[in-house]
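S.K.: Quick note: the sequence shown uses numbering that gives the first Met the number 0, first residue 0, plus one each step.
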Amino acid sequence: MKKFKPQAISLAFVLALIVGVFLIQSSKNTVNNFPYLEYGGEPVPDFNQYERVQDKKRAFFNYLTPVIVAQNEYISSVRTLIRALQTLHLADQSLTTRQQKELDWLITEYRVKDIEAPEEIFTKLLRRVDVIPAELVLVQTANESAWGTSRFAQEGYNFFGIWCFDKGCGFVPTKRNEGAAHEVAKFDDLNEAMYAYMRNLNSHPAYTELRAIRSALKKSDKKVTANALAAGLINYSERREAYIEEIRMMIRVNQKFMSSQEG
């Protein structure tokens, strides 16, 4: 994955169709960029300081949860914008220059390619721009970063095993195969890293199955759970099915430590 600085996106206006009349309202949660929590720019805690495993797990989940919640709230706000633009389209209303720029940004950011029909664009965006259960994020980060103790997490906020392919974009793995060019991405802070991870799950072709599972559950009015979405991580690791089973096992084992994190 190429290291990047996400561009700004605004949610200054939320529109709704009520009794055939469009009401334009200023959003109280205007988003000018992905959310930034100040502690996310501070050095990553030393999770090895905890002697008891239970304390280490709680500290790890406490550290990551606020950023996960903030990113999911951001994603929900972006979905509101997409639905507002979709409503305008269905009513044959033209988008303003600003709205069109926002839509174009979303199309690029979430890899909605080779689609000409506007309605199909909105459908695909709404499938991709959606929240990810905090439990899934927590156990994946624990798995990929050895509970926050890996060099990549400690020095580059990469709790996710995300790769990049530009020389100097991250850390060169000590066990990289001869001829390989990838590096382990290094991020400026936890906020940027979490954004990149969630955007990756929501847009990369490798995770089409995850998004399909989420969409099917929502259409059936069923809860979107971490356990269900784990099946969509088949391409996250070369271990494939074994990786999915390990993630699901971690969800079960660590439920008591995560249950208080999403309130």
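Cβ coordinates follow ideal geometry from the N, Cα and C atoms, glycine included.
Using the Cα positions of P132 and Q98, report the straight-line distance between them to the nearest angstrom.
M.R.: Taking the sequence shown and counting its residues from 1, the one referred to as residue 132 is at position 133. Taking the sequence shown and counting its residues from 1, the one referred to as residue 98 is at position 99. If I take the Cα positions, the gap works out to 29 Å.
S.K.: In whole angstroms, what separates the C-alpha of V138 from that of A90?
M.R.: What you label residue 138 is simply residue 139 of the sequence shown in a count that begins at 1. What you label residue 90 is simply residue 91 of the sequence shown in a count that begins at 1. One C-alpha to the other measures close to 43 Å.
S.K.: For D188, count neighbouring Cβ atoms within 10 angstroms of its own Cβ and tell me buried if that reaches 16, exposed if not.
M.R.: For the purposes of this step, residue 188 is taken as residue 189 along the sequence shown, with counting starting at 1. With 16 or more Cβ atoms within 10 Å of its Cβ, D188 is classed as buried.
S.K.: Give the straight-line distance between the Cα atoms of N226 and R239, rounded to the nearest whole angstrom.
M.R.: For the purposes of this step, residue 226 is taken as residue 227 along the sequence shown, with counting starting at 1. For the purposes of this step, residue 239 is taken as residue 240 along the sequence shown, with counting starting at 1. Going by the C-alpha atoms only, they are around 15 Å apart.
S.K.: Identify the continuous beta strand (DSSP E) that holds V183 and give its terminal residues.
M.R.: As a first step, residue 183 must be located in the sequence shown, where it is residue number 184. 182 to 184 is the span of the beta strand (DSSP E), which, as asked, contains V183.
S.K.: Is there at least one Cβ from chain D nearer than 8 Å to G160's Cβ?
M.R.: The chain inventory of the structure shown lacks chain D, comprising one protein chain alone.
S.K.: How far does the alpha helix (DSSP H) with E41 in it extend, from its first residue to its last?
M.R.: Working through the sequence shown from its first residue, we reach residue 41 at position 42. No alpha helix (DSSP H) holds E41; DSSP gives it neither H nor E.
S.K.: Can you tell me where the alpha helix (DSSP H) with A116 in it begins and where it stops?
M.R.: In the sequence shown, the residue the question calls residue 116 occupies position 117. Taken as a continuous stretch (DSSP letters only), A116 belongs to no alpha helix (DSSP H), as it is neither H nor E.
S.K.: Report the rounded CA-to-CA distance for H203 versus V183, giving the unit in angstroms.
M.R.: Here residue 203 refers to the residue found at position 204 of the sequence shown. Here residue 183 refers to the residue found at position 184 of the sequence shown. The alpha-carbon separation between H203 and V183 amounts to approximately 17 Å.
S.K.: Please classify G169: does DSSP put it in a helix, a strand, or coil?
M.R.: Taking the first residue of the sequence shown as 1, we reach residue 169 at position 170. Three-state result, G169: strand.
S.K.: Put W146 into one of helix, strand or coil per three-state DSSP.
M.R.: One-based indexing of the sequence shown puts residue 146 at position 147. Three-state DSSP puts W146 in coil, outside helix and strand.
S.K.: Quick one: Cα of Q70 to Cα of G40, how far?
M.R.: Along the sequence shown, one-based indexing puts residue 70 at 71. Along the sequence shown, one-based indexing puts residue 40 at 41. Distance between the alpha carbons of Q70 and G40: 15 Å.
S.K.: Decide if the region 116 to 131 is in contact with the region 200 to 217; the criterion is three or more beta carbon pairs, one per stretch, under 8 Å apart.
M.R.: yes
S.K.: For V43, count neighbouring C-beta atoms within 10 Å of its own C-beta (all shown protein chains included) and say buried if the count is 16 or more, exposed if not.
M.R.: Residue numbering aside, residue 43 sits at position 44 when the sequence shown is read from its first letter. The residue is buried, with at least 16 neighbouring Cβ atoms inside 10 Å.
S.K.: What number of angstroms, rounded off, separates the C-alpha of I114 from the C-alpha of W162?
M.R.: Position 115 of the sequence shown, counted from the first residue, corresponds to residue 114. Position 163 of the sequence shown, counted from the first residue, corresponds to residue 162. Rounded to the nearest angstrom, the two C-alpha atoms are 28 Å apart.
S.K.: Less than 8 Å between the beta carbons of Y73 and F33, yes or no?
M.R.: Position 74 of the sequence shown, counted from the start, is the residue given in the question as residue 73. Position 34 of the sequence shown, counted from the start, is the residue given in the question as residue 33. The answer is yes: Cβ separation under 8 Å.
S.K.: What do you reckon, are the CB atoms on F121 and I81 nearer than 8 Å?
M.R.: Taking the sequence shown and counting its residues from 1, the one referred to as residue 121 is at position 122. Taking the sequence shown and counting its residues from 1, the one referred to as residue 81 is at position 82. Contact: yes.
S.K.: May I ask you to report which of helix, strand or coil DSSP gives L22?
M.R.: Along the sequence shown, read from residue 1 onward, the residue named residue 22 stands at position 23. Because L22 sits at a pLDDT of 30, beneath the cut-off of 50, its placement in the model cannot be relied upon, and the following sentence gives the value as read from the coordinates. L22: strand per DSSP, three-state reduction.
S.K.: Tell me, please, which residues DSSP counts as bridged to W162.
M.R.: For the purposes of this step, residue 162 is identified with residue 163 of the sequence shown, where counting begins at 1. According to the DSSP secondary-structure assignment, W162 is paired through a beta bridge with V183.
S.K.: Within the continuous alpha helix (DSSP H) that includes T64, where are the two ends?
M.R.: Within the sequence shown, the letter at position 65 stands for residue 64. Run containing T64: 52 to 89, per the alpha helix (DSSP H) assignment.
S.K.: Check whether the Cβ atoms of F164 and E143 sit closer than 8 Å, and answer yes or no.
M.R.: If you number the sequence shown from 1, residue 164 lands on position 165. If you number the sequence shown from 1, residue 143 lands on position 144. Not in contact: F164 and E143 (Cβ atoms no closer than 8 Å).
S.K.: Counting along the chain, where does the alpha helix (DSSP H) carrying V207 start and finish?
M.R.: Numbered from its first residue, the sequence shown carries residue 207 at position 208. A quick correction: the sequence has Thr, not Val, at residue 207. In the DSSP annotation of this structure, the continuous segment of the alpha helix (DSSP H) that includes T207 starts and ends at 207 to 218.
S.K.: Please report the residue range of the alpha helix (DSSP H) in which I233 lies.
M.R.: In the sequence shown, residue 233 corresponds to position 234, counting from 1. Careful: I233 lies outside any alpha helix (DSSP H) and carries neither H nor E.
S.K.: Alpha carbon to alpha carbon, what distance is there between S219 and M249?
M.R.: Counted from its first residue, the sequence shown places residue 249 at position 250. Counted from its first residue, the sequence shown places residue 219 at position 220. The straight-line gap from Cα to Cα measures roughly 27 Å.
S.K.: Distance, Cα to Cα, K166 vs T207?
M.R.: Locating residue 166 in the sequence shown gives position 167, where the first residue counts as 1. Locating residue 207 in the sequence shown gives position 208, where the first residue counts as 1. Answer to the nearest angstrom: the Cα atoms are 28 Å apart.
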